[in-house]
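Scroll down for the structure; my scribbles are underneath it.
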Amino acid sequence: MWDYRITKLYIIVYLQREDNTNMAKITVRDTNVTVISLNENDYICLTDIARYKSDDPNAVIGNWLRNRNTIEYLGIWESLYNPDFKPLEFEGFRKEAGLNAFTLSPQKWINTTNAIGIISKSGRYGGTYAHKDIAFKFASWISVEFELYIVKEFQRLKEEEQKQLGWSAKRELSKINYRIHTDAIKQNLIPAEVTAKQASIIYANEADVLNVAMFGMTAKTWREQNPDLKGNIRDYATINELICLSNMENLNAVFIDQKMPQGERLVKLNRIAIQQMQVLESSEERKLLK
């Protein structure tokens, strides 16, 4: 499944692999670089980075691994983050690193030391990947300029993912509470034998009770005032507004069960919305002050 999200300066391509590995591609200095998420850690494709320097990326990675500074850095990283790392085997590589006859492939490093900072993947999107810490180190060895650009693009990718995560979470929250709300309407406000068309009118009418209480207007009024915007009024709500709206859907379901008249519910919900938004907004301000 492909999902293109276009920003002002670059394109990020997201896809979900069959093995549920999250993957993204960023473009750095006209070079496509793959980023995957594995066990909640980000791994960046060294093979892609190496292509910035040469058409033979495996040779570039091999030369980097021969370097004594590289071996020492990898050993320290594994010692910090990998309890199953084999220090004695690492010490053997460290002593040989830098010698003319010394060669080391990613696979040999992984198998011998039980390393986790570097991984090899096969298949269409295969290659040598490394934890972002190690990948940035490799990028600096390739080019200091390239390192700065890849760090910048990687940060943009993470910001984009956080935006998407927040959006998905708030939409799911609304969906759950919407179900509770519509069930209460179905059980208490829709008479028996009502047609589907009549039922949709009742549902829409109750949805607008929440819209007016929260946003001060109905869905129809919002569409008339914003003819160029796609979606509905709730698609453009802030996270605090959606939290408040979700609470109000629950409360309105309770009020409906209590047979409270619609006009009375609207006034009560509006007061609750004002109070909750004041609390939520003041909480945001306190976070900013910290």
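The opening position of the sequence shown corresponds to residue 76 in this note's numbering, with each subsequent residue numbered one higher. C-beta atoms are modelled at their ideal positions from N, C-alpha and C, and glycine is treated no differently.
Mind checking whether residue i and residue j have CB atoms under 9 Å apart?
| i | j | result |
| --- | --- | --- |
| ILE191 | HIS206 | yes |
| SER180 | LEU140 | yes |
| ALA348 | ALA288 | yes |
| GLU234 | VAL103 | no |
| PHE290 | ALA312 | yes |
| ILE119 | ALA176 | no |
| TRP152 | ASP208 | yes |
What residue range is occupied by the uninterrupted beta strand (DSSP E) comprising residue i?
| i | result |
| --- | --- |
| LEU113 | 106–113 |
| ILE119 | 116–120 |
What are the residues that DSSP puts in a beta bridge with residue i?
| i | result |
| --- | --- |
| VAL103 | THR106 |
| ILE194 | TYR204 |
Leaving aside the five residues before and after residue i along the sequence, list all residues of the same chain whose C-beta is less than 7 Å from its C-beta, in chain order.
| i | result |
| --- | --- |
| ASN212 | Note that residue 212 is Lys in the sequence shown here, rather than Asn. Counting only Cβ-Cβ distances below 7 Å, and skipping sequence neighbours, we find TYR148. |
| GLN353 | none |
| THR293 | ASP283, ASN286 and VAL287 |
| CYS319 | MET289, ALA348, GLN351, MET352 and LEU355 |
| ARG298 | none |
| THR109 | MET98, LYS100, CYS120, ASP123 and TYR200 |
| ILE308 | ASN286, PHE290, ALA294 and TRP297 |
Which whole-angstrom value describes the C-beta separation of residue i and residue j, a residue pair presumed to lie in contact below a C-beta threshold of 8 Å?
| i | j | result |
| --- | --- | --- |
| ALA172 | ILE146 | 4 Å |
| THR122 | THR203 | 5 Å |
| ILE111 | ALA125 | At roughly 17 Å, the Cβ-Cβ gap does not stay under 8 Å, so ILE111 and ALA125 are not in contact. |
| LYS128 | ILE217 | 5 Å |
| ASN325 | GLN351 | The pair is not a contact, with the Cβ atoms about 12 Å apart (cut-off 8 Å). |
In its own chain, which residues sit with a C-beta less than 6 Å from the C-beta of residue i, not counting the 5 before and 5 after it?
| i | result |
| --- | --- |
| ASN345 | ALA288 |
| PHE165 | GLY150 and THR188 |
| ASN157 | ILE191 |
| ASN315 | LEU355 |
| SER275 | Here SER275 scores only 48 on pLDDT, less than 50, and its place in the model should not be relied on; the value that follows carries that caveat. Excluding positions up to five away in sequence, the list is empty. |
| ASP159 | ASN189 |
| GLN273 | The predicted position of GLN273 is uncertain, since its pLDDT is 40 and thus under 50; a value taken from the coordinates is nonetheless stated next. Result list for GLN273: empty, nothing under 6 Å. |
| PRO266 | Because PRO266 carries a pLDDT of 43, less than 50, the predicted location of this residue cannot be relied on, and no value is offered for it. |
| THR270 | Since pLDDT at THR270 reaches only 47, below the 50 mark, its modelled position is unreliable, and the value read off the structure follows with that caveat. Within the same chain, THR270 has no close Cβ partners at all. |
| SER357 | none |
For the alpha helix (DSSP H) containing residue i, name the first residue and the last one.
| i | result |
| --- | --- |
| ILE308 | Run containing ILE308: none; DSSP gives neither H nor E here. |
| ASN327 | 314–332 |
| GLY291 | That residue, GLY291, is in no alpha helix (DSSP H); it is neither H nor E in DSSP. |
| ALA134 | 132–141 |
| LEU163 | 162–171 |
| PRO158 | Counting along the chain, PRO158 falls outside any alpha helix (DSSP H), and DSSP gives it neither H nor E. |
| ILE181 | Residue identity check: residue 181 is Pro in the sequence provided, not Ile. PRO181 -> alpha helix (DSSP H) spans 181–188. |
Looking only at its own chain, which residues have a Cβ that is under 8 Å from the Cβ of residue i, when we skip the five neighbours before and after it?
| i | result |
| --- | --- |
| GLU222 | PHE211, ALA214 and SER215 |
| ARG169 | ARG143, ILE146, GLU147 and GLY150 |
| TRP184 | LEU140, LEU149, PHE168, ALA190 and ILE193 |
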